[in-house]
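K.L.:
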Amino acid sequence: MTHRVLTGIKPTGTPHLGNYVGAIRPAILSSVLPDVESFYFLADYHALAGGADPERVHRSTLEVAASWLALGLDPKRAHFYRQSDIPEVTELTWLLACVAPKGLLNRAHAYKAAVDQNRERGEDEDAGVEMGLYLYPVLMAADILLFNAHRVPVGKDQIQHIEIARDLAQRFNHRYGDILTLPEAQVDESTATLPGKDGRKMSKSYDNAIALFASSKALKDEIFAIVTNSQLPGEPKDTDGSALFALYQAFAGSEETQAMRAAFANGIGWGEAKQRVFERIDREIAPARARFDALMAAPQEIEAILLQGAADLRPRAQALLKRMRDAVGLRPLAAQAALKKSEKKTKGPRIVQYKEGERFNFKLQDSAGRVLLVGPGYADARSAGAAITHFLAGEPAADLAALIEVAQDQDAIEAARVALRDA
Ligand code: TRP
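My numbering puts the first residue of the sequence shown at 18, with every later residue one more than the last.
(1) Mark Glu140 as exposed unless 16 or more other C-beta atoms lie within 10 angstroms of its C-beta, in which case mark it buried.
(2) Is it right to say Ser47 is buried, meaning 16 or more other beta carbons lie within 10 angstroms of its own, or is it exposed?
(3) Which stretch, first to last residue, makes up the beta strand (DSSP E) that contains Arg99?
(4) Can you check whether the CB of Leu337 is closer than 9 angstroms to the CB of Phe164?
(5) Would you say the beta carbon of Ala60 comes nearer than 8 angstroms to a heavy atom of the ligand TRP?
(6) So with Cβ pairs under 9 angstroms, would you call Ala440 a contact of chain D?
(7) Rounded C-beta distance between Ile322 and Leu86? I'm assuming under 8 angstroms.
(8) Are Asp310 and Phe230 touching if we call contact CB-CB under 9 angstroms?
(9) Would Arg124 be called buried (16 or more neighbouring beta carbons within 10 Å of its own) or exposed?
(10) Measuring only from the beta carbon, is Leu122 closer than 8 angstroms to any heavy atom that is part of the ligand TRP?
(11) Residues in its own chain within less than 6 angstroms of Leu109 by CB, not counting five upstream and five downstream?
(12) Mind listing, in chain order, the continuous alpha helix (DSSP H) runs of no fewer than 4 residues lying wholly within the segment 143-211?
(13) Quick check on Met18: buried or exposed, where buried means 16 or more other Cβ atoms within 10 Å of its Cβ?
(14) Where does Leu121 sit, in a helix, a strand or coil, going by DSSP?
(15) Given a cut-off of 9 angstroms, decide if Met157 and Gly25 are closer than it, judged by their beta-carbon atoms.
(16) Using a threshold of 8 angstroms, is the CB atom of Lys218 nearer than that to any non-hydrogen atom of the ligand TRP?
(17) Do Pro250 and Gly213 have their C-beta atoms within less than 9 angstroms of each other?
(18) Excluding five sequence neighbours on each side, which residues of the same chain lie with their C-beta closer than 7 angstroms to the C-beta of Val423?
(19) For Glu375, which of helix, strand or coil comes out of DSSP?
(20) DSSP three-state label for Glu105, please.
(21) In this structure, how does DSSP classify Leu249 when only helix, strand and coil are distinguished?
(22) Helix, strand or coil for Ser232, going by three-state DSSP, please let me know.
(23) Based on Cα-Cα distance, which residue from Asp397, Ala276, Ala82, Glu72 lies nearest to Gln317?
(24) For Leu244, is the classification buried or exposed, using 16 other Cβ atoms within 10 angstroms of its Cβ as the cut-off for buried?
(25) Looking at the secondary structure, which residues open and close the beta strand (DSSP E) in which Ile26 lies?
(26) Could you check the C-alpha separation between Ile421 and Gly394 for me, to the nearest Å?
(27) Who are Ser489's beta bridge partners in DSSP?
(28) Let me make sure I understand the geometry here. Which of Asn190, Tyr193, Glu201, Arg73 has the alpha-carbon closest to that of Ile179?
(29) Using 8 angstroms as the threshold, is the segment 189-200 in touch with the segment 37-51, meaning 3 or more CB pairs across them?
(30) Just the Cα atoms here: how many angstroms apart are Gly374 and Lys380?
(31) Spatial neighbours of Ala64 within its chain, please: C-beta separation below 6 angstroms, excluding the five flanking residues on both sides.
(32) Kindly identify the DSSP beta-bridge partner or partners of Tyr395.
(33) Is it a yes or a no for the segment 50-64 touching the segment 128-140, going by three-plus beta-carbon pairs under 8 angstroms?
In structure tokens form, the structure reads like this:
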């Protein structure tokens, strides 16, 4: 079975080495696996929650898209698109909001953190909280459920969001029928979080990140700015807790890593170690850097790729939304009469009245259409109607003796009679 793997990238900054090692590289590798259908998209609606600067959102969308393409994401193998090019995402957000318990969203980490902070400051709990922040998990659930994703590769901080998506899918299915696929978070423990220049987790919010596609010179400067200790060349150095070593390991193969470990034990100088780390990373990044620069100079090409990605997917999104709209009762009005008819046809037994030559008659059919009983034929419609009434009531009446039990199935006749009488 094909597994659908989906993840969103929020365009709020310039991609850094941590994004590459933790998300972009594994995603591109996974996109070439057999039996995997990948969905990678720029979560630009999400970027708006929290009041991001418009220029920054725009710029970051370009940089993130260029980065993924430069690093080898093949838009023919993976769906690569921009969230805001698929308006069905917002439509689904509303359908999901209508099954989303407010209490569940009250417990979402980001919202709770905002509330806690407000409480500490003695402010109103919801001071400064916008609905974009509050509904963030619902929008994210829409991203995931719109394409019936099975697996969602994310960092630990996003697990709760996947659980909320699962919960909302379950609620929708419970209320309206089995339509949505329940997604699962995929947290890869082996992709270690990369330390930043100060040793804490590399993150744009700590201002310790090393840009992915800075120039070779800038990359070198950044790596030389990594905090080390005051040990001198010749002194054995600990690899545990060394940001420099961890960074090297994230790029190097196991043999290279062993060699570096030995160099640390043998007292390699920090300057020399930094030079080796720089060379190793630059070797991996340099070819992509050239492609990145070319793509950044041709934004119209990126635009075309993203638009195509969305255009390919929209029919699928529309098909799901159609089923969902139908399930919740948002249907074309003309469908009403047709539905009633088909309900009568398919549900339960029925009595059909008809005219045979000059005579009026009726027959009883079970839900499969099998004829159970036929009348003897009546001089007028009223007599036929009276016979039906007597039959349904189960009263002994003179006109019942003449009924012909075509199917010779007393139980079925009785079941049909009771069902019709109670209908
Ligand atoms: N919230 C995610 C983040 O901050 C980005 C995101 C948006 C996402 N929609 C998604 C991730 C759907 C996975 C699936 O990283």
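Cβ coordinates follow ideal geometry from the N, Cα and C atoms, glycine included.
P.N.:
Looking at the atomic coordinates:
(1) exposed
(2) buried
(3) 95-99
(4) yes
(5) yes
(6) Among the chains in the structure shown there is no chain D, since it carries only a single protein chain.
(7) 7 angstroms
(8) yes
(9) exposed
(10) no
(11) Ala159, Leu163
(12) 148-151, 153-163, 176-193
(13) exposed
(14) helix
(15) yes
(16) no
(17) no
(18) Val388, Leu389, Leu390, Val391
(19) coil
(20) helix
(21) coil
(22) coil
(23) Ala82
(24) Reading off the sequence, residue 244 comes out as Val, not Leu. So Val244 ends up on the exposed side.
(25) 20-26
(26) 10 angstroms
(27) Only positions 18 to 440 of the chain appear in this structure, which leaves residue 489 out of reach.
(28) Glu201
(29) no
(30) 16 angstroms
(31) Lys27, Pro28, Thr29, Val74
(32) Phe377
(33) no
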